[in-house]
C-alpha cells in the first residue's frame, strides 16, 4: 500500500511510534518512517524483549492509525497494517553513532509534528 495516498499518515505513524515509546518510558534515539518501512533506534529496558517491544509498538501504532484513517482498511492486504516480520539488532558503543546517523538520514518523516494532514492525533 502506498502510504503517501493518505495525507499526513506517515507523520502520524511517526508520532504514534514515539508516543508508544514515551508511554512505556522507552527512549527513542532516532526514528525515520519510509513509505513501506520504519527505522527505529530505541532503548528498551532489560525486562522487555526486542520481540515484545516490536509487538507493543506495532499493535498500538496500528490501532491508532486505523482509528485516524478508517479508509485505509480497504487498501491493506488481509487488513494487516504491519507485516508479521521485523529486523532487529542490538547496537553497542562502537556502532551506536553510525546507526543513529544512518537512521537520521532515512525516511520521509524524520521529525515530530502536531498536525497530521489536518487530523490531530490523540494521545494513547
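Residue numbers (UniProt numbering): 1 to 124. In this text, a Cβ means the ideal position worked out from N, Cα and C, and glycines have one as well.
Own chain partners of residue i with C-beta closer than 6 Å, once the 5 adjacent residues on each side are dropped
i	result
residue 16	61, 64
residue 53	44
residue 40	31
For residue i, three-class secondary structure by DSSP
i	result
residue 38	strand
residue 61	helix
residue 131	Here the chain covers residues 1 to 124 and nothing more, so residue 131 does not appear.
residue 30	strand
Burial state of residue i, where buried means 16 or more other Cβ atoms lie within 10 Å
i	result
residue 76	exposed
residue 11	buried
residue 19	buried
residue 47	exposed
residue 42	buried
Span of the alpha helix (DSSP H) around residue i
i	result
residue 6	No alpha helix (DSSP H) holds residue 6; DSSP gives it neither H nor E.
residue 104	93-104
Beta-carbon gap between residue i and residue j smaller than 9 Å
i	j	result
residue 3	residue 26	no
residue 38	residue 13	yes
residue 99	residue 30	yes
residue 36	residue 28	no
Neighbourhood of residue i by C-beta, 7 Å cutoff - its chain only, sequence neighbours within 5 removed
i	result
residue 6	69, 72
residue 82	58, 62
residue 86	54
Sequence-distant residues of its chain with Cβ nearer than 8 Å to residue i (five each side left out)
i	result
residue 102	39
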